[in-house]
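2 protein chains.
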Amino acid sequence: MKNGLRLGIDLGGTLIKTALVDHTGRIMCIKKIKTSFKPRHLAERIHKTIRPWFKKSILGTGIGVAGDIDSQKGVVRFSPNLSWKNIPLKKYFQQTGFPEPLFFENDASCAAWGAYHIELKQSSKNLVVLTLGTGVGGGLILNGRLYTGRNGSAGELGHITIDPKGRPCGCGNRGCLETYMGGRYLVEAGQKELSRMNKKSCAFLTPKKLYTDAQKGQKYACQIWEQAGTALGIACADFINIFNPDTLLLCGGVAAASPVFLPFARKEINQRTFLSSRKSVQITVSSKNHHLGVIGAALLV
Amino acid sequence: MKNGLRLGIDLGGTLIKTALVDHTGRIMCIKKIKTSFKPRHLAERIHKTIRPWFKKSILGTGIGVAGDIDSQKGVVRFSPNLSWKNIPLKKYFQQTGFPEPLFFENDASCAAWGAYHIELKQSSKNLVVLTLGTGVGGGLILNGRLYTGRNGSAGELGHITIDPKGRPCGCGNRGCLETYMGGRYLVEAGQKELSRMNKKSCAFLTPKKLYTDAQKGQKYACQIWEQAGTALGIACADFINIFNPDTLLLCGGVAAASPVFLPFARKEINQRTFLSSRKSVQITVSSKNHHLGVIGAALLV
């Protein structure tokens, strides 16, 4: 990879992270901004915030977006988190004057690309990444290249069907992995479990609270994580049988709760995978969790 | 691809197909032999049968095997259909004097490689192939290359979990796609359905008979294909969301029954996939079904 600075932008539903990153993936400067939903306004606001950075020589800009992206055209086809549909993001970023060339990818693909470079040092040529956050995203590095499929929509690993008759998912399917492991659904299930046990519902239930409650041994929370971990294990077994990867990496905020869900996932994986693929895969939780997305976006350049 | 003849061998549980194939994938000569299970004996028998072919100049030999293959070493780690475990096939084929270099792959990967070249003329860079036979195999062409994963075990698409609590599968998992769509399981389910309906069991039930019975409107057979098609559709929806492929190709003997199962599969696919991936995938049944495996094996050279 050519020496020099790249600009990375990670557009999430709540926060925008933007960073200047060198060719090794090291962050030189980083800023966080609250997300605004008007795309042209958003481009101008980011530009204004990081204007001082533009004194430096920058090789280009990589942008990761939560949603279904047309990378070639730089169009966001659909982003439920940003409430966007067919937004010509590239045009707005060009008009605002961001350093060109511009690259666009799904945010989970960016996280996978970031993990491949800075966490695995390109040693793992076949890498499956699951981003566990409000939703569940997926990124694929296959034969050492980012795999995005025919038109950039590949890697929807969070929407693999676990139970064909399961809960409806935001994507239109039922019983997706996301309906078990997505932060939003974890909280919903937690509230339901509390009310089923005739306990007071918790107005401020979060995945983090579910995690600490499970660590304290609270039954309702333990049950939620057992269900989630089991579903994750069934999905991971599928990914291991399909991809025979070197590494299966979990990242995103909810991955922090892995001590309470990963044992259940491993049990399923052990029962449902082919021996040679099972023996050769490393299942790990990212240790560089926080900035993989923005670093990966920058390294698209 | 370099002009010249290649030798292809497709080692199945019942039959061995061997063919001389030119660089376009055209078959110049073909022979079928009954499978014997002693690997050294088998290599000698194939060699003896096709000895006249060796007068021609042959660029090398490609061998497809039903099972889990170490392509690098030419070792069959495990083949349930051939009852083989850790068989150093490359050694036997070298000692017998087959034209070198020798290449080894899983048979479904060979079928995918064959389909990519002769059926899709390399136009479909991201191709998911399902081989519907006694079992259900899978082959993946991603970014125009055969994808086999870390150690050659990738593409076990037949063992994606449809129902986590479903029927036990030969692979050790439960509720795999194969337990719905594999010929062996289709027949088992057919027998069970007949007995449930208090009908005489059929000693010679085959997937072909199940197909003709369904075409005649026999209820037990229609139900079996509905279940199978539904399971296939759930699995295909997963593959479409994961791979965003150009083409999803069904081949193998059981694919001939697609008129009775594919409508059920399409219904599930329509309900369970992301729009941009659904719109861009072609779902087709191979028209060159019979020899994809042996042609793909030859074209490994």
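Here the protein sequences line up with chains A and B, keeping their order.
Residue numbers for the first sequence follow our numbering, so the first one is 284 and each next one is one higher.
Residue numbers for the second sequence follow our numbering, so the first one is 284 and each next one is one higher.
From the three backbone atoms N, C-alpha and C, an ideal C-beta is built for every residue, glycine too.
Selection from the options that minimises the alpha carbon distance to residue i
i	options	result
B/Leu426	B/Ser407, B/His442 and B/Ala437	Residue identity check: residue 426 of chain B is Asn in the sequence provided, not Leu. The shortest Cα separation from B/Asn426 among B/Ser407, B/His442 and B/Ala437 belongs to B/Ser407.
B/Cys459	A/Arg450, A/Ile445, A/Arg457 and A/Gly465	A/Ile445
B/Lys483	B/Gln474, B/Thr489 and B/Lys491	B/Gln474
A/Gly418	A/His573, A/Gly441 and A/Tyr430	A/Gly441
A/Thr297	A/His306, A/Ile313, A/Thr307 and A/Phe320	A/Phe320
B/Ser560	A/Phe487, A/Asp351 and A/Ser559	A/Asp351
B/Trp336	B/Ile310, B/Arg323, B/His324 and B/Arg360	B/Ile310
B/Trp367	B/Gly380, B/Leu342, B/Leu325 and B/His400	B/Leu325
B/Ser362	B/Val412, B/Ala511 and B/Pro322	B/Pro322
B/Val537	B/Ser436, B/Asp353, B/Ile313 and B/Thr495	B/Thr495
B/Leu415	B/Leu582, B/Ala580, B/Ile578 and B/Val568	B/Val568
A/Met464	A/Leu342, A/Cys534 and A/Pro382	A/Cys534
B/Thr556	B/Phe547, B/Asn572 and B/Phe522	B/Phe522
B/Gln405	B/Asp390, B/Thr530, B/Ala486 and B/Val543	B/Thr530
A/Cys519	A/Gln501, A/Lys285 and A/Val564	A/Val564
Backbone secondary structure at residue i - three-state DSSP
i	result
B/Ile310	strand
B/Cys393	helix
A/Ser478	helix
B/Asp529	coil
B/Arg467	helix
B/Leu294	strand
A/Arg428	strand
B/Thr318	coil
B/Cys459	strand
B/Asn364	coil
A/Asp446	coil
A/Pro335	helix
B/Leu440	helix
B/Leu288	strand
B/Ser387	Inspection of the sequence shows that residue 387 of chain B is occupied by Phe rather than by Ser. Correct three-state label for B/Phe387: strand.
B/Val358	strand
A/Asn369	strand
A/Cys534	strand
Limits of the beta strand (DSSP E) - the one that residue i falls within
i	result
A/Lys300	Leu298 to Val304
A/Gly579	Unbroken run through A/Gly579 is the alpha helix (DSSP H), Leu575 to Ala581; no beta strand (DSSP E).
B/Leu413	Leu410 to Leu415
B/Gly343	Ile341 to Val348
A/Ile401	Looking at the DSSP string, A/Ile401 is not in any beta strand (DSSP E), and its letter there is neither H nor E.
Interface flag, residue i vs chain B, CB-CB below 7 Å
i	result
A/Ala581	no
A/Leu372	no
A/Leu460	no
A/Ser436	yes
A/Ile507	no
A/Pro447	yes
A/His442	yes
A/Arg450	no
A/Asn369	no
A/Phe323	Sequence inspection shows Arg at residue 323 of chain A; the Phe mentioned does not correspond to that position. No, A/Arg323 lies away from the interface with chain B (no Cβ there is under 7 Å from its Cβ).
Residue range of the alpha helix (DSSP H) that includes residue i
i	result
B/Leu325	Pro322 to Thr332
A/Asn553	Ser541 to Arg555
B/Gly422	Not the alpha helix (DSSP H): B/Gly422 falls in the beta strand (DSSP E), residues Val419 to Leu425.
B/Ser559	Leu558 to Ser563
B/Thr495	Pro490 to Gln498
A/Leu372	Leu372 to Thr379
Test: residue i CB closer than 7 Å to a CB of chain A
i	result
B/Thr549	A small correction: the amino acid at residue 549 of chain B is Arg; Thr does not occupy that position in the sequence shown. False, the Cβ-Cβ gap to chain A never drops below 7 Å.
B/Asp587	Absent from the model: residue 587 of chain B. The displayed extent of chain B is 284 to 584, so no value can be given.
B/Asp390	no
B/Asn409	yes
B/Tyr433	It is Arg, not Tyr, that sits at residue 433 of chain B in the sequence shown. For B/Arg433, the answer is yes, since a Cβ of chain A falls inside 7 Å of its Cβ.
B/Arg328	no
B/Asn456	yes
B/Arg467	no
B/Arg360	yes
Within chain E, partners of residue i - CB distance below 7 Å
i	result
B/Glu439	As a matter of chain content, chain E is missing from the structure shown, whose protein chains are A and B.
Practice problem: Would you list, in chain order, the members of the segment 555 to 571 of chain A that have their beta-carbon closer than 7 Å to a beta-carbon of chain B? | Solution: If the cut-off is 7 Å between Cβ atoms, the segment 555 to 571 of chain A has Arg555, Phe557, Ser559, Ser560 and Ser563 near chain B.
Quiz item: the segment 413 to 431 of chain A: which residues have C-beta closer than 9 Å to a C-beta of chain B, in chain order?
Solution: Residues of the segment 413 to 431 of chain A that bring their beta carbon within less than 9 Å of a beta carbon in chain B comprise Gly421, Leu423, Leu425, Asn426, Arg428, Tyr430 and Thr431, in sequence order.
Quiz item: the segment 508 to 520 of chain A: which residues have C-beta closer than 9 Å to a C-beta of chain B, in chain order?
Solution: Answer in chain order: Thr513, Ala514, Ile517, Ala518 and Ala520.
Exercise. Can you give me, in chain order, the residues of the segment 289 to 321 of chain B that have a beta carbon less than 8 Å from any beta carbon in chain A?
Key: Considering only beta carbons, no part of the segment 289 to 321 of chain B lies closer than 8 Å to chain A.
Quiz item: Between the segment 526 to 548 of chain A and chain B, which residues of the former have a C-beta closer than 7 Å to a C-beta of the latter?
Solution: Cβ contacts with chain B: Phe526, Asn527, Pro528 and Asp529.
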